[in-house]
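Heads up, the working numbering is the position in the sequence shown plus 16, with the first residue counted as 1.
Quick reminder that beta carbons are idealized off the backbone N, C-alpha and C, glycines included.
Each remark here refers to the structure printed beneath this line.
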Amino acid sequence: MTAADPPRIERGGTEPPGGAPARMEPAGNDHAGSRPGATELAGIALQTAPAVPGPRPTTLSPDDADYLELSRRVRMAGLLDRCPRAGLGRVALQGLALAVGVATIVWVGNSWWQLATAAVLAVLSGQLAFSSHDVGHGQGGRSRPANDLLGLVMANGLVGVSFGWWIDKHNRHHGHPNQQDRDPDIGTGVFVWTPEQGRRRQGLGRRLARHQAAFFFPMAALEALHLHVASALALPQRRPGRRSVEGALLGAHLVLGLGLLLAVMSPVKALVFVAVHQGLLGLQLGSAFAPNHKGMPVFAADEKPSFVQRQVITSRNIRGGWLIDFALGGLNHQIEHHLFPAMPRANLRRCRPIVRDFCAERGLPYEEVSLLTSYARVLRSLRLAGAGGPPLQSGV
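Set out below in structure tokens:
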């Protein structure tokens with residue numbers, strides 16, 4: 017895969033009903049203010065619809081028609097229109113803030129006050145990671161090559177995470193959120209996310225699983241380290257040209273970052289700086305990722321929910337104003353994001369009442385809670401899974 021042919025994440029890694037690839041609209045919206053036709057609407061609305069084998073149907077199922085209706089309402093509100101200026105403006109401000117951060121490191125010099133700089137830069141790195149997520153969903157450059165280049169620079173060069181690896185993983189998550197054996201975010205790892213995984217643990221692993229809720233947040237501090245290591249391990253799986261580009265950017269991130277620190281402070285202070293920065297970054301990312309789906313119903317591997325059911329039932333929104341939007345990088349509007357992954361972050365809040373009313377009409381659960389309540393539910397689900405208790409039912 018080359019920089020000129022990047023993976024697209026707008027479709028959530030899946031195909032529309034019938035297996036035909038979804039048709040994406042150009043950046044401009046030539047149909048603003050007019051009602052789109054069925055063919056045009058299908059190309060926009062089904063950009064995240066699940067793959068269904070077999071010939072393309074000549075009629076839509078009720079579930080597909082439901083999603084088309086929801087997409088029509090959202091599109092008529094202008095919420096699917098791209099907002100490249102907003103996204104690029106946010107990235108430009110973050111780049112400026114990063115330059116100020118680097119200058120601050122040089123100015124403070126060999127002082128323990130650098131730990132305060134590390135904490136501030138950890139927050140900035142988290143914001144860069146959230147913006148990389150937006151770019152991965154096509155909300156960056158006006159063309160695919162430009163968008164891919166921006167994603168590589170931000171994710172690999174500035175955050176230290178492989179853009180290509182993350183897109184592949186995130187596509188699979190969007191296609192089958194909270195579905196056993198299909199969503200990599202609930203796969204086998206340090207934590208167990210389902211009672212079945214908990215019951216499969218033996219010996220020390222089983223004992224640790226029973227108490228996993230107690231060390232969830234401390235372990236979240238290692239999330240950034242996990243992303244760096246996983247990115248490096250995934251490099252051999254990239255195509256040669258892509259591997260060289262991503263590897264060079266990841267290497268530059270490591271060498272230039274450490275080189276700057278060692279040039280202005282002692283090795284001990286540099287090591288503590290890295291530990292504080294990476295620990296706070298990991299805690300920020302882990303605390304932002306967990307509320308989205310953890311503690312929500314999990315689909316069995318053989319369940320076949322409709323696309324709307326799959327995305328709504330497994331996702332959770334977090335109530336709050338601009339501070340929550342900032343802290344969670346827009347991921348607090350998780351239901352809307354999963355239904356319309358390519359929707360600009362700035363439009364997700366405006367989309368909420370449309371999706372909430374639609375779910376009420378269709379009898380679908382729409383979970384929206386406070387941040388603290390979401391953490392309580394995440395920890396409760398971890399305790400149940402670790403103990404091998406009953407799973408949350410999807411209700412489908």
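Exercise. Which ranges does the beta strand (DSSP E) cover as unbroken runs of at least 3 residues, wholly within the stretch 345 to 407, from first to last along the chain?
Worked result: Counting only runs of 3 or more, we get nothing.
For this session: Buried or exposed for G176, please, with buried defined as at least 16 other CB atoms from any protein chain shown within 10 angstroms of its CB.
Result: buried
For this session: Could you tell me which residues DSSP puts in a beta bridge with N333?
Result: E384
For this session: Taking only the alpha-carbon atoms, compute the straight-line gap between L174 and L168 and give it to the nearest angstrom.
Result: 9 Å
Exercise. When the Cα atoms are used, what is the spatial distance from A403 to R215?
Worked result: Distance between the alpha carbons of A403 and R215: 8 Å.
For this session: Please classify P193: is it buried, with 16 or more other beta-carbons within 10 angstroms of its beta-carbon, or exposed?
Result: buried
Exercise. Ordered along the chain, which non-local residues of its own chain (more than five positions away) have a Cβ less than 7 Å from that of L243?
Worked result: The beta carbon of L243 sits closer than 7 Å to those of V177, all from its chain and outside the five residues before and after it, given in chain order.
Exercise. Can you find at least 3 beta carbon pairs, one from the stretch 386 to 394 and one from the stretch 355 to 368, that sit closer than 8 Å?
Worked result: The answer is no - the stretch 355 to 368 does not touch the stretch 386 to 394, with fewer than three Cβ pairs under 8 Å.
For this session: Identify the continuous alpha helix (DSSP H) that holds E262 and give its terminal residues.
Result: P256 to V280
For this session: Check the C-beta distance from T133 over to V122 and give it rounded, since I have them as a contact under 8 Å.
Result: Not confirmed; about 10 Å, so no contact.
Exercise. Should W128 go down as buried or exposed, given a rule of 16 or more other Cβ atoms within 10 Å for buried?
Worked result: exposed
For this session: Count the other C-beta atoms from every protein chain shown that fall within 10 angstroms of the C-beta of D150, then say buried if there are 16 or more, exposed otherwise.
Result: buried
For this session: Assign W181 to one of two classes, buried (16 or more other C-beta atoms within 10 Å of its C-beta) or exposed (fewer than that).
Result: Classified as buried, W181 has 16 or more neighbouring CB atoms from the shown chains inside 10 Å of its CB.
Exercise. Which residue's Cα is closest to the Cα of V328: Q300, V314, P252 and G267?
Worked result: V314
Exercise. What residues are listed by DSSP as bridge partners for Q195?
Worked result: F315
Exercise. Can you list, in chain order, the residues of its chain whose CB lies under 7 Å from that of D316, leaving out five sequence neighbours each side?
Worked result: Strictly speaking, residue 316 in this sequence is Ala, with Asp absent from that position. Answer for A316: Q196, listed in chain order.
Exercise. Alpha helix (DSSP H) containing D164: first to last residue?
Worked result: R160 to G167
For this session: Classify R39 as helix, strand or coil using the three-state DSSP reduction.
Result: Caution applies to R39, whose pLDDT of 31 falls short of 50 and renders its modelled position unreliable; the model cannot decide the point.
For this session: Helix, strand or coil for S247, going by three-state DSSP, please let me know.
Result: Residue state for S247 is assigned as helix, using DSSP reduced to three classes.
Problem set entry | Same chain only: Cβ atoms within 6 Å of S247, ignoring 5 sequence neighbours per side | V177, S178 and W181
Problem set entry | Cut-off 7 Å between Cβ atoms - residues of its own chain near L137, not counting five sequence neighbours on either side | Closer than 7 Å at Cβ, skipping near neighbours: G117 and H293.
Problem set entry | Meets three-Cβ-pair contact criterion under 8 Å: the stretch 153 to 170 and the stretch 275 to 284 | Using a Cβ-Cβ distance cut-off of 8 Å, the stretch 153 to 170 and the stretch 275 to 284 are not in contact, since fewer than three pairs of beta carbons, one from each stretch, lie closer than that value.
Exercise. Distance, Cα to Cα, P307 vs D199?
Worked result: 16 Å
Exercise. With distances taken from CA atoms, which of V324, E352, G263 and K320 is nearest I334?
Worked result: E352
Exercise. Between L140 and H190, what straight-line distance do the alpha-carbon atoms span, to the nearest angstrom?
Worked result: Cα-Cα distance, rounded: 26 Å.
Exercise. What's the gap between the Cα of L344 and the Cα of S386?
Worked result: 13 Å
Problem set entry | Cβ pair E239, L301 closer than 7 Å | Cβ distance < 7 Å, so E239 and L301 count as in contact.
Exercise. Whose C-alpha, out of R106, Q130 and H354, is nearest the C-alpha of A291?
Worked result: Q130
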